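Using numbering that gives the first Met the number 0, read the sequence shown as starting at 0 and increasing by one per residue.
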Amino acid sequence: MMPTVSVNNLSKTYDGKKEAVKSVSFDIEAGQKFGLLGPNGSGKTTVLHCLSGLVKPDKGSSVKVLNQDPWQNPSLLNDIGIHLQTAQLPSRIKVKEALDLFLSLYPKTNPISPLVEALGLDKHFNTYFGRLSGGYQQKLLFVLALTGQHKVLFLDEFTNALDPLARRTALEVLEKYEGTIILTTHLVEEIQSLCDTVVFLDEGQLITLGSPTQLIATHAPTQTIQVRYIQSNKTRDIFQTTLTEIPGVEKCLLEEENITIYAHAQALGAIINVIQQNDSHHEIVIRQPSLADVWFAVTGKQFAGKAKPID
0 MMPTVSVNNL SKTYDGKKEA VKSVSFDIEA GQKFGLLGPN GSGKTTVLHC LSGLVKPDKG
60 SSVKVLNQDP WQNPSLLNDI GIHLQTAQLP SRIKVKEALD LFLSLYPKTN PISPLVEALG
120 LDKHFNTYFG RLSGGYQQKL LFVLALTGQH KVLFLDEFTN ALDPLARRTA LEVLEKYEGT
180 IILTTHLVEE IQSLCDTVVF LDEGQLITLG SPTQLIATHA PTQTIQVRYI QSNKTRDIFQ
240 TTLTEIPGVE KCLLEEENIT IYAHAQALGA IINVIQQNDS HHEIVIRQPS LADVWFAVTG
300 KQFAGKAKPI D
């Protein structure tokens, strides 16, 4: 079966100098939720723009969406939905007018009323787009991207200006979406919870690709267990030595009243047993590895993606 999206040696240079994307290749199957993860300036938005037909790739690049070149086939827009990070509507169009307009554009539409109400847009039907807050503008643009029953949905930093509740609502809607989703984000928790396949982009290059589970198991399998300990230093040292001898424990670090244990998942049961046998601990915090740990493992850089709601 042909992939829904096929990308081979995708490159894009701006002004003849700035190479935003460098020979990126991947395939996306029908129904996949595919995430492009990277910091600002990594090239992920340029990749999405090339896939959606908004930007022409460099010569030698091959991009196929639904077996068509998006740059040469404008009719492909009938089968794709797009939410752009910098999209705008006419400032004097009202929320209800924009919704009605987009509903009239497609022969098959999605039932958007529940989403409109969940995001609170029904309370702003008569508000002009230009008078909406940044957060409500993003809510409306997100709903408009979901209006038609699209085979492929492109989302560029779609939760950027959303408050936590709206962000959760948007993710829940996308989890149930039956088409193919291709999204960009710099938020690790967002892509890890939603996407079944992730591409890491850094400085325009594809660093690694796989499912979140695969990437974590391969590059960052170590869990962190922090124990707050309230006994004497001597007793704590013995406790640390016992933990260090457990197979799968990489290291234990002492810091004031805390012991931090770095270990693989298979060692967790034995670690908990040792801790429970010793009644001198106050609390235990277990941190599972995330795609941020994978990013550090493969790039050597800290990943600093944070959500920034806008009122």
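Glycine included, each C-beta is placed from N, C-alpha and C at the ideal position.
What you are looking at is a predicted structure, and each value in this text was computed from that prediction instead of being measured.
In this structure, Leu50 sits near Val4, with a CB-CB distance shorter than 8 Å. For Val54, no beta strand (DSSP E) encloses it, and the DSSP letter there is neither H nor E. Listed in chain order, the beta strand (DSSP E) runs fully inside the stretch 160-188 are 179-184, counting runs of at least 3 residues. Non-local C-beta neighbours of Ile79 in its own chain, meaning closer than 6 Å and more than five positions away in sequence, comprise His149, Val151, ordered along the chain. Under the three-state reduction of DSSP output, Thr259 falls in the strand class. DSSP places Glu202 in no beta strand (DSSP E); its state is neither H nor E. Using a 10 angstroms sphere on the CB of Gln222, the tally of other CB atoms reaches 16 or more, which defines it as buried. Closest by C-alpha distance to Gln275, out of Thr12, Pro56, Thr241, is Thr241.
Put simply, the backbone Cα of Val46 is about 10 Å away from that of Leu53. At a cut-off of 4 residues, the continuous stretches assigned as alpha helix (DSSP H) that sit fully inside the stretch 264-291 are 267-276. Your pair Gly37 and His185 checks out as a contact, with CB atoms roughly 7 Å apart and the cut at 8 Å. Residue burial annotation: Leu145 is buried, with at least 16 other C-beta atoms found within 10 angstroms of its C-beta. Residue pairing for Val6: DSSP places it in a beta bridge opposite Phe25, Val62. In the DSSP assignment, Thr158 falls outside any alpha helix (DSSP H) and carries neither an H nor an E. Under the three-state reduction of DSSP, Cys49 is assigned to helix.
Around the beta-carbon of Leu252, fewer than 16 other beta-carbon atoms lie within 10 Å, marking it exposed. Comparing alpha-carbon positions, the option among Ala266, Tyr127, Leu161 lying closest to Gln137 turns out to be Leu161.
Distances from the CA of Thr179 to each of Ser10, Lys17, Gly34, Glu18 were compared; the closest alpha carbon is that of Gly34. About 13 Å separates the beta carbons of Val94 and Phe141, which is beyond the 8 Å limit, so they are not a contact pair. Short of 7 Å from the beta carbon of Glu28, and not among the five residues preceding or following it, lie these beta carbons of its own chain, in chain order: Pro2, Thr3. When the beta-carbon positions are compared, Val20 and Gly203 come within less than 8 Å of each other. Membership of Leu253 in the beta strand (DSSP E) is indicated by the continuous run 248-254. Burial is judged here by how many other beta carbons sit within 10 angstroms of a residue's own beta carbon; Gly133 has fewer than 16 and is exposed.
Rounded to the nearest angstrom, the Cβ distance from Thr44 to Asp155 is 6 Å, consistent with a contact under 8 Å. Buried is the label assigned to Gly42, since at least 16 other Cβ atoms lie within 10 Å of its Cβ. Per DSSP, the beta-bridge partners of Leu35 are Thr183, Val198. A direct Cα-Cα distance of roughly 6 Å separates Asp195 from Lys32. Non-local beta-carbon contacts of Ala86 in its own chain, meaning distances under 7 Å to residues more than five positions away in sequence, involve Leu140 in chain order.
In the same chain as Ala219, and ignoring 5 residues on each side of it, the C-beta atoms closer than 7 Å to its own belong to Pro288, Asp292, Val293, Ala296, in chain order. Closest by C-alpha distance to His263, out of Leu208, Tyr127, Glu249, is Glu249. Contact between Pro69 and Leu9 is ruled out by a C-beta separation of about 12 Å, above the 8 Å threshold. Note on Leu118: 16 or more other CB atoms within 10 angstroms of its CB, so buried under the neighbour-count rule.
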